[in-house]
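These notes are about the structure you will find just below.
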Amino acid sequence: MRSEFQLGITMKVSVGHLAIIMDGNGRWARLRGLPRTAGHKAGLNAVQGVMRACEPHQIRHLTLFAFSSENWRRPRKEVNLLMDLFVTTIKKELAELVKKNICLKFIGDIDAFELRLKQRIRQAEYETANNDGLHLNIAVNYGGRWDITQAAKKMAQRVQDGELQVDDINTDTFAGFLCLNEIPYPDLLIRTGGESRISNFLIWQLAYSELYFTDCLWPDFNADELAKAVDWYAGRQRRFGETPEQVSLGTGKSHA
Ligand code: IPE
Ligand code: IPE
Ligand code: MG
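Per our numbering: the sequence shown ends with 327, consecutive numbering throughout.
Quick look at the structure:
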């Protein structure tokens, strides 16, 4: 269920769920003598390119980190521009997303946003809810620590209400309260922009994902860059704690 993965002579590797930390917009702009905001605008074109490029790789779920819970620390002008970009982009692209059969979902602490953005987000989710093409998850005001904390809070409430027993809490029940709990964990994480860190993205969900770091700045990321990352992924052996032999012979518990 988690991912389609087989090794051996009939090699079949697919990235069912791809997560991306889209980093490097500001540096892309600076290299061109442009304001950082121009980099964010250019980054939107890269998002469209990657969405188109998912289908040939049979990527079903795409989760993009667009704004972290720490990005509020940026200069107010940049934060405001990012909020405006979110509002105008959802408005401009919604009809196209519906047409392309894309199911859009936002993860993160949406309540912190101003009303017009919250409304756009809910409308976009509502209008694309029945689509069964690419499942696109956008992480906004998202932090992995926030995600784990909100899950713990929901779970504690259930216990307090007598609906859940403490003895029934385990990693599976806990995971059921996290964001993206209805889809497989990411198979592959790509981070553009040259940094080798997670920056508080899906810290629980990425526990066994393959991590691919590239110097390519996000606005330059395209179908060719995605193909490189997927090729790299195809060469990995995912062991989930087993030995290489167990995995290649298919005798380990994760194959049971
Ligand atoms: C990523 O690019 C976009 C967001 C975090 C919103 P950056 O804006 O972080 O670009 P760099 O890392 O400064 O180049
Ligand atoms: C991570 O990029 C967040 C997003 C891409 C939305 P940052 O640029 O905020 O990460 P740090 O600050 O370099 O770790
Ligand atoms: Mg950055």
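Using N, Cα and C, we set each Cβ at its ideal position, and we do this for glycine too.
With a threshold of 7 angstroms, the Cβ atom of R309 does not count as near ligand 2, since no heavy atom of the ligand is closer than that.
If you measure from each CB to the nearest heavy atom of ligand 1, the residues under 7 angstroms come out as M93, D94, G95, N96, G97, R98, W99, R107, G110, H111, G114, A137, F138, S139, N142, L153, G264, L288 and W289.
Residue state for F157 is assigned as helix, using DSSP reduced to three classes. Checking the DSSP bridge columns, you'll see F136 partnered with I92 and A210. At a cut-off of 7 angstroms, the beta-carbon of R268 counts as near ligand 2: some heavy atom of the ligand is closer than that. Per DSSP, the beta-bridge partners of I178 are A210. Look at the stretch 211 to 263 and you find these whole runs of beta strand (DSSP E), each 3 residues long or longer: 259 to 262. Below 8 angstroms, enough C-beta pairs join the stretch 263 to 282 and the stretch 91 to 100 to call them touching: three or more. DSSP, read as helix, strand or coil, puts Y279 in coil. Beta-carbon to beta-carbon, L205 and C125 are separated by about 6 angstroms, close enough to satisfy the 8 angstroms threshold. It is roughly 43 angstroms from the alpha-carbon of K225 to the alpha-carbon of R101. Close CB contacts of F177 within its chain, under the 7 angstroms cut and outside five residues either way in sequence, are with I192, E196, I209 and V211 (chain order).
Spatial neighbours of L282 in its own chain (CB-CB distance under 7 angstroms, excluding positions within 5 residues in sequence) are listed in chain order as L260.
The Cβ atoms of N271 and E141 lie closer than 8 angstroms to each other. Residue environment analysis places D258 among the buried positions, since at least 16 neighbouring C-beta atoms fall within 10 angstroms of its C-beta. Around the beta-carbon of P290, 16 or more other beta-carbon atoms lie within 10 Å, marking it buried. When the Cα atoms are used, V318 and V158 turn out to be separated by approximately 46 angstroms. Between the C-alpha atoms of R310 and I130 there is a straight-line separation of about 21 angstroms. In this structure the stretch 225 to 238 does not lie against the stretch 166 to 181, because fewer than three pairs of beta carbons, one per stretch, are closer than 8 angstroms.
Annotation: Q129 is outside any alpha helix (DSSP H) and is labelled neither H nor E by DSSP. Counting only runs of at least 4 residues, the stretch 262 to 325 fully encloses the following alpha helix (DSSP H) elements, listed from N- to C-terminal order: 294 to 305 and 315 to 320.
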